[in-house]
Each structure stands twice: as C-alpha cells, then as structure tokens.
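Anchor point for the sequence shown: position 48 equals 52 in the working numbering, and the numbering is continuous, going up by one each time. Here a beta-carbon is modelled for each residue, glycine too, at the ideal position from N, C-alpha and C. Note that the structure is a prediction, hence the values are computed from the model and not measured. Structure first, then comments.
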Amino acid sequence: MVTTTNTLTSLIPDLYQAMDTVCRELTGLIPAVTMNASAARAAKDSKIRSFVAPAAASEDATPGQLPPDTGGQVIGTNYITIEASKVVPFQWSGEEQMQVAPGHGHRAIQQDQVSQAIRTLVNAVETLIFNKMYVKSSRAFGAAGTKSFNSGLGDAAGVRRILVDNGAPASDLQLVMDTFAGASLRSQVTIPNTMDAGALQLRNQGILIPLFGMAARESAAVKGIAIGTVSGTLASAVRAAGTTVLTTTADYSATLLVGDIVTFAGDTNQYVIVAKSASDITIGAPGLVAGTTSGTKAITVVATAVRSLAFHRSAFQLALRTPAVPEEGDSADDRVILTDPRTGISFEFAMYKQYRRVRYEVGLAYGGDVVKTEFVAQMIGLAG
C-alpha cells in the first residue's frame with residue numbers, strides 16, 4: 005500500500021519533527037475522545053461502523069439444575085460519516101530550490117511547510133469535534149458573565165456532577181477548556197505546582213491536572229457561541245422527569261438556535277437545545293431533571309458564553325482515514341503514510357513530479373459525532 009522512493013524517504017525525519025512540533029499546540033479535544041484511526045483509505049461521505057453495547061438488566065439469582073437461558077443482547081451499531089477529505093498542498097520549482105540553496109535550503113523551508121499543513125488539518129479536526137459536541141450536550145453549569153474558576157473549583161465540581169448524575173462512568177472523564185479558563189485554573193492556590201515524575205507525564209500528555217477525576221486540558225477550538233432569541237413559553241402541560249421534547253407556544257424554528265442553552269421558569273438547570281421545530285424544542289438527553297407542574301413556563305436563553313466541554317471519552321467517536329485514490333493509482337510519483345505518535349492521526353504525504361516543478365500534498369479524511377448525549381456537559385464562563 006505504501007510506496008517509498010529516495011525522495012520522500014529522505015524527508016521522513018523532517019516529517020516526524022514537523023508532527024512533533026504541531027501536536028504540542030492546544031488540541032485538547034483530539035486526545036480526549038474515542039478515536040477510530042487507521043492508515044486505511046476512505047472516501048468522503050463513506051461511513052465507518054462501530055459497535056454499541058446495550059444497557060444491561062439484572063435478574064434474581066435463583067438456584068436450579070441448569071442456569072437460565074438468559075443474557076442474550078442485541079449489540080447496537082453507530083455509523084460515523086467521513087465528512088471531509090482534505091489535502092494541503094505546496095510546490096517547489098527547480099529555480100526556487102536553487103534560489104534558496106545558499107541560505108537555509110529548501111529542505112528547512114519544506115519542514116515548516118509540512119508543519120503548517122499538519123497544523124491546518126489538526127485544527128480542522130479539533131474544530132469539528134467542538135462544533136459537534138456543544139450542540140449535542142445534556143446540560144450546562146456555570147454563569148455566562150463570570151470567569152470560570154473565579155472563586156475556586158466549583159465549576160469543575162458542578163459540571164462533573166451533571167455527568168455522573170447522567171450515568172457517565174467516573175473513569176476517563178475529560179474537561180477541555182479555553183486558555184482563559186486554563187489561566188484561571190492555574191491561578192488557584194489549591195492546585196500545587198508539582199514537578200514530580202507523575203506530573204511531568206501528565207503535562208506531556210497535554211493534561212493540566214487531574215481535576216476531580218477529570219483530565220483537564222486546553223483547546224484553541226473552545227470559544228463563545230452566538231445565541232438565538234425567544235419570545236414565547238412552554239405550553240401548558242404536566243411534564244415528567246426525563247422529558248426531552250417540549251411543546252412551545254411560539255414558533256422557534258427561525259429564532260432559537262440548536263446549541264442554545266436555556267432555562268425554564270421554576271427550574272434552575274441549564275438545558276441544551278439539540279433540535280427544534282415550529283411547535284416544539286428538544287433538549288439533550290436525559291431530559292428534564294425534575295417534572296413540572298401544569299401551566300406555561302417562561303423560556304430564557306443563557307447569554308453568550310465560552311463553552312468548555314466536560315465529557316466521557318466514549319461520548320464522541322472520531323474516525324480518521326487517508327484520502328481515497330483510484331484502485332489503479334494516480335499520477336503521484338511517491339506517497340508515504342506516517343502516523344503521529346501523539347494523536348494517532350495518520351497523514352498521507354504525496355509527491356507529484358511536474359514539468360520542472362514538484363507538488364507535495366499532506367492529506368487526511370475525517371469525520372465524527374456524539375454518540376452519547378448524556379455523557380456530554382458544558383462548563384460555561386466569561387470569555388477572555
């Protein structure tokens with residue numbers, strides 16, 4: 005599958021060095037989610053399948069001659085679509101190579117070009133994860149006009165409570181925030197600045213600190229989101245705990261945005277809108293924390309805030325492949341696939357020899373989605 009010649013083989017050390025440089029940037033979401041990564045090829049809009057184990061039921065342990073004929077389960081399936089197949093190109097002519105030969109040489113410049121190409125693709129994947137997760141969350145914790153961790157670690161404790169109350173496993177929880185919240189977290193006197201081997205290992209993995217069992221990370225993709233507007237109320241009805249579809253008295257299909265955080269009169273919980281129509285809105289599972297009495301309930305949209313994300317690793321599936329090529333091959337003179345040791349992302353490097361010029365491409369095909377809304381929550385706060 006991978007063909008190498010002397011041209012790209014000689015570049016491989018530079019390619020790895022470029023990957024190590026870029027992957028130290030603030031891409032906290034990629035290492036925090038479940039990755040279905042492979043050097044195999046995939047076409048845009050193709051689907052990658054993954055399994056989902058169902059919820060399990062208990063039964064009485066009843067003595068008998070033979071064990072009961074129970075325990076059969078239907079294993080579910082998730083399909084992740086490859087939404088993008090991207091390449092980042094750059095090219096060199098013979099004259100350009102000779103013009104820079106007396107200085108650093110074109111090899112040094114190529115290394116930076118590869119670094120920037122990887123940066124573009126990694127940031128695109130990071131942004132994809134953020135954009136999918138904030139619109140498919142269960143609830144939010146915090147205040148839009150207050151800096152996260154302004155007076156302690158209560159924001160992290162609050163958003164963790166949402167996850168565990170929703171049934172998320174206490175292990176492998178993640179908290180990915182913007183750098184403003186990260187700076188506020190670092191300023192807390194309750195967090196020691198340790199330099200032991202364990203802390204060093206965590207920093208090398210991009211983790212600021214284990215925070216109440218959550219791996220706290222930073223990401224450049226975490227940001228504030230524009231919000232919609234409401235002018236009506238929830239329709240008069242008795243709504244049971246766990247309800248997700250709520251009838252409204254006004255048409256919010258144009259004014260309310262998917263991803264908006266809302267509260268309802270008499271309920272201080274902050275819910276995330278995951279769908280809308282002309283007659284109702286849908287909030288993220290597991291729905292209303294407590295039932296409501298009959299009567300219309302005012303709806304309030306939470307002000308614009310930075311949407312830091314707390315989630316269990318299994319909540320998001322990220323599929324990574326290399327771009328498709330014809331079965332017969334294309335005009336590339338050489339291509340090599342290298343897997344980044346830090347993120348697990350496999351990039352394809354291709355070379356096309358042209359007339360007195362060489363074109364290089366760095367390629368990646370990717371897609372992903374939230375598969376468990378209950379296991380995603382938001383920690384909202386003030387932008388820096």
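#1: What's the C-alpha gap between Thr-304 and Gln-274?
#2: Measure the C-alpha to C-alpha separation of Thr-247 and Leu-292 and round it to an integer number of angstroms.
#3: How should Arg-339 be labelled, buried or exposed, when 16 other C-beta atoms within 10 angstroms of its C-beta is the threshold for buried?
#4: Going by beta carbon distance, what residues of the same chain come within less than 8 Å of Met-460, once the five residues before and after it are set aside?
#5: Please state the DSSP three-state secondary structure of Met-199.
#6: For Glu-222 versus Gly-186, is the C-beta distance shorter than 9 Å?
#7: Phe-145 and Ala-289 look like a contact to me (Cβ under 8 Å); what is the Cβ gap, rounded to whole Å?
#8: How would you write the range of the beta strand (DSSP E) that Glu-222 sits in, first residue to last?
#9: If you count every other CB in all the chains shown that lies within 10 Å of the CB of Arg-243, and 16 or more means buried, which is it?
#10: When burial is assigned at 16 or more other CB atoms within 10 Å of the CB, is Arg-311 buried or exposed?
#11: Taking 8 Å as the limit between beta carbons, can you name the residues of its chain near Thr-233, skipping five residues before and five after?
#12: In three-state DSSP terms, what is Asp-264?
#13: Does DSSP classify Tyr-370 as helix, strand or coil?
#14: Helix, strand or coil: which one does DSSP assign to Tyr-20?
#15: Buried or exposed, going by whether 16 or more other CB atoms sit within 10 Å of the CB of Glu-99?
#16: Measure from the alpha carbon of Thr-183 to the alpha carbon of each residue in Gly-156, Pro-173, Gly-162, Lys-151, then state which is nearest.
#17: With a threshold of 16 other CB atoms inside 10 Å of the CB of Glu-63, please say whether the residue is buried or exposed.
#18: Looking at the structure shown, is Arg-190 part of a helix, part of a strand, or coil, going by DSSP?
#19: State the DSSP-derived secondary structure class of Asp-169, mapped to helix, strand or coil.
#20: Please check the pair Gly-80 and Val-56, which I expect to be a contact at CB under 8 Å, by giving their CB distance rounded to whole angstroms.
#21: Gly-348 and Leu-324 - do their beta-carbons sit closer together than 9 Å?
#22: Say whether the stretch 124 to 144 touches the stretch 370 to 378, bearing in mind that this needs 3 or more beta-carbon pairs closer than 8 Å, one atom from each stretch.
#23: List, from N- to C-terminal side, the beta strand (DSSP E) runs of 3 residues or more that fit wholly inside the stretch 264 to 317.
#24: How big is the Cα-Cα spacing for Asp-255 and Ile-285?
#25: For a quick check, are the C-beta atoms of Ala-230 and Gly-385 less than 9 Å apart?
#26: What's the gap between the Cα of Ala-46 and the Cα of Phe-351?
#27: Ordered along the chain, which non-local residues of its own chain (more than five positions away) have a Cβ less than 7 Å from that of Ile-166?
#28: Relative to the C-alpha of Asp-169, which residue among His-316, Val-118, Asp-49 is closest?
#29: Using DSSP with H/G/I as helix, E/B as strand and the rest coil, what is Lys-51?
#30: Taking the runs of the beta strand (DSSP E) that are 3 residues or longer, which of them lie wholly in the stretch 133 to 162?
#31: Which residue marks the beginning of the beta strand (DSSP E) containing Gly-80, and which one marks its end?
#32: Jot down the residue ranges of each uninterrupted beta strand (DSSP E) in the stretch 320 to 349, minimum 3 residues, whole runs only, in chain order.
According to the structure data:
#1: Taken atom to atom, the span from the alpha-carbon of Thr-304 to that of Gln-274 is near 10 Å.
#2: 5 Å
#3: By the 10 Å Cβ count, Arg-339 comes out buried.
#4: In the structure as shown, the chain begins at 5 and stops at 388. Residue 460 is therefore absent and cannot be evaluated.
#5: Model confidence at Met-199 stands at a pLDDT of 40, short of 50, so the residue's coordinates are unreliable; what they give is reported in the following sentence. In this structure, Met-199 counts as coil in the three-state DSSP scheme.
#6: yes
#7: Incorrect: roughly 17 Å between the Cβ atoms, too far for contact.
#8: 218 to 222
#9: buried
#10: buried
#11: Thr-259, Leu-260, Val-305
#12: Assigned with DSSP and collapsed to three states, Asp-264 falls in coil, not helix or strand.
#13: strand
#14: helix
#15: Flag for Glu-99 reads exposed.
#16: Lys-151
#17: By the neighbour-count rule (16 or more Cβ atoms within 10 Å), Glu-63 is not buried but exposed.
#18: helix
#19: helix
#20: 4 Å
#21: Pairing Leu-324 with Gly-348 gives a Cβ-Cβ distance under 9 Å.
#22: yes
#23: 265 to 268, 271 to 280, 284 to 287, 301 to 305, 310 to 316
#24: 9 Å
#25: no
#26: 13 Å
#27: Ser-142, Arg-143, Phe-145, Ala-381
#28: His-316
#29: Under the three-state reduction of DSSP, Lys-51 is assigned to strand.
#30: 143 to 146
#31: 80 to 85
#32: As summarised for the stretch 320 to 349, the continuous beta strand (DSSP E) elements at least 3 residues long and confined to that stretch are 320 to 327, 338 to 343, given in chain order.
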